[in-house]
Each structure stands twice: as structure tokens, then as C-alpha cells.
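Numbering (the numbering used here), first residue to last: 3 to 302. Don't be surprised by glycine CBs; every beta carbon is placed ideally from N, CA and C. In what follows, a structure is listed as C-alpha cells, so that the remarks can point back to it.
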């Protein structure tokens, strides 16, 4: 419990490699705009994958009350997964490529504005998703989106251009996902491009895959993109930008607190944009309601 005059100890964990590799420039912005009367800051840079989790745990053990990931959805995921059962408040300063979760929390892309939102220090509880052994805070998916995310690991072109290049490459020789989706709301067999299970509204870049989703309603929004000719996907892409994807005849949409996806073969999958291939064909996805305390912009 803080006393009246005690400052809040806040750690900014900066991933210099996030997005287009501009993480370093956030040092000056934090120093300039953070309210020093309210916060006692520490700025910590990561050097390699796994550093974010280790440094976040070290901050927790050192008595910090707040941890802020300076990076994208992947950086936040690594930090929040490590601190999930700790009594800490988390935040994100968008410095990644798509910044899907940060956008859902109303965090502004302009750094000085996002830091002012942190200064306001509005906190709410949000839900957390679990896909097999992985936690996710924004979106998880099986099939095509998982394949694109996994291929981005080795793509030297970061950001929007990299994702578009992998998407175009991925449509060549396209293989569809055959699966059975089982939930209290809907059960059925599907041949589809992907199954996306969303806690937040979007992938990032304002691509709204779940426009009706809320981070704190205790429910996932599920989008099953049904099998179709490739040209129909491109013809419907505009719906991702105006919040109408659920109205597409290509989409099966429903809300649920849990879903099991059983595939006829191992599949690529992703959690918060981090792609995986580990011979998995069964995905058990559940929600942990109001599990995480996060800073958000209540004006958004």
C-alpha cells in the first residue's frame, strides 16, 4: 500500500527490436514526458528473446508496482505471461508493428500522448486467454494466420510490408484447415482458412477481426473464415477496416468462453502474433476472466 507521498515504482522494459527497430528512441520520450512527481521510473533494455520475462520477474522481485512493455503485442505477451500471477499493474507503450492490444487499450501511437495516458494511471481488469500451454491477451489463431506469423520469424522485412509479403506468398498453394470446433455455443465441422479466437478487436494495423469484442466481458469472439476461392478473401478484405467482417458470408462468428479445435493434421498457430509449429493438432482455448490489471485510456 502506497503512502500519500510515496512514488509509484514503474519499470519500462524496452525491446529495441520491436516494430521497425526504433525501441531505443523511447528512452528520451519517457525521460521527458513521464510525471516524476507520481512515478519513480527505471528504464530497462532487453538484448535477446526471453529477456523480457526475466527482467519483468526481476522487477517484480525488486518491489516495482508497475511494469510497462515498450514494444508490440509479442513483447507485452512475454512480460504479462511471466507476471500473470503476480500482484502488479501492467501497461504497454506501443512500439511494435501492428500494436493490436495497445490500440484496444486506447494507447495512442504518438509516444508523448501514450505516456500522458500512463500518467493518468487509469487501471482496469481484463480477461486473459489460454491456448494449450500459452497465454494470450489479444488474439490467438489456428491455420493460415498461424502460418503467416510463424514465417514472419525469418522475414527480414518487418512491419506492414513484411506481413503483406508473407500473406501474398502464403496464398500460393493454399491448404485449408479441416477441423471440428466444439463450444457451448457452437459445434461443427469446418473446412476453413483459419479459426481466430479474439479477446481484443484486432490483429493490429486496424485490421478488425473481432469488431464486437471486449477485453473484459468474459467472452471470446470466434471468427471461422470458411473455405472459398482466394479472390473472395481479397474482395472481402475491406471489411477488416470498417468493422463489418462478421457480416461477411464467408465468416462463421459467435461468442464463447471456451472452445476446442480438433484438426485432422498438425497446424500452425499463433498467440498474439507469435507463430508456432510443434506438431499440435488439438487446441484447448479457455478464458481467465478479469485476470490482469492494465493501464488504459478511458477516453478512447
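- Spatial neighbours of residue 291 in its own chain (CB-CB distance under 7 Å, excluding positions within 5 residues in sequence) are listed in chain order as 129, 220.
- Counting only runs of at least 3 residues, the region 129-216 fully encloses the following beta strand (DSSP E) elements, listed from N- to C-terminal order: 136-138, 141-145, 179-184, 189-200.
- Residue state for residue 271 is assigned as strand, using DSSP reduced to three classes.
- Excluding the 5 residues flanking it on each side, residue 152 has same chain C-beta neighbours closer than 6 Å at 270, 277, 279, in chain order.
- With fewer than 16 other CB atoms across the displayed protein chains lying within 10 angstroms of its CB, residue 266 is exposed.
- Assigned with DSSP and collapsed to three states, residue 258 falls in strand.
- By the Cβ neighbour-count rule, residue 189 is exposed, with fewer than 16 other Cβ atoms within 10 Å of its own.
- One alpha carbon belongs to residue 110, the other to residue 100, and they sit about 13 Å apart.
- Just measuring C-alpha positions, the residue of 178, 144, 228 sitting nearest residue 281 is 144.
- Burial check for residue 57: the Cβ neighbour count within 10 Å reaches 16 or more, so the residue is buried.
- Judged by their CB atoms, residue 261 and residue 210 are not nearer to each other than the 9 Å cut-off.
- Here the alpha carbons of residue 231 and residue 207 stand approximately 25 Å from one another.
- Annotated three-state conformation of residue 93 is strand, per DSSP.
- When DSSP states are grouped into helix, strand and coil, residue 101 belongs to the strand group.
- Remark: C-beta atoms of residue 116 and residue 96 approach each other more closely than 9 Å.
- Distance from the Cα of residue 179 is smallest, within the candidate group 268, 242, 160, for 268.
- Residue 80 and residue 55 have their C-alpha atoms roughly 6 Å apart.
- Per DSSP, the beta-bridge partners of residue 11 are 42.
- Contact check for residue 94 against residue 86 fails: the beta carbons are separated by 9 Å or more.
- The Cβ atoms of residue 148 and residue 289 do not sit closer than 9 Å to each other.
- Inter-residue distance for residue 92 and residue 135 is about 21 Å (C-alpha atoms, whole angstroms).
- Note that the C-beta distance between residue 274 and residue 103 is below 9 Å.
- In terms of Cβ geometry, residue 295 and residue 127 form a close pair [threshold 9 Å].
- Taking C-beta atoms as the reference points, residue 12 and residue 66 count as a pair closer than 9 Å.
- Excluding sequence positions up to five before and after residue 254, its CB lies within less than 6 Å of the CB of 226, all in the same chain and listed in chain order.
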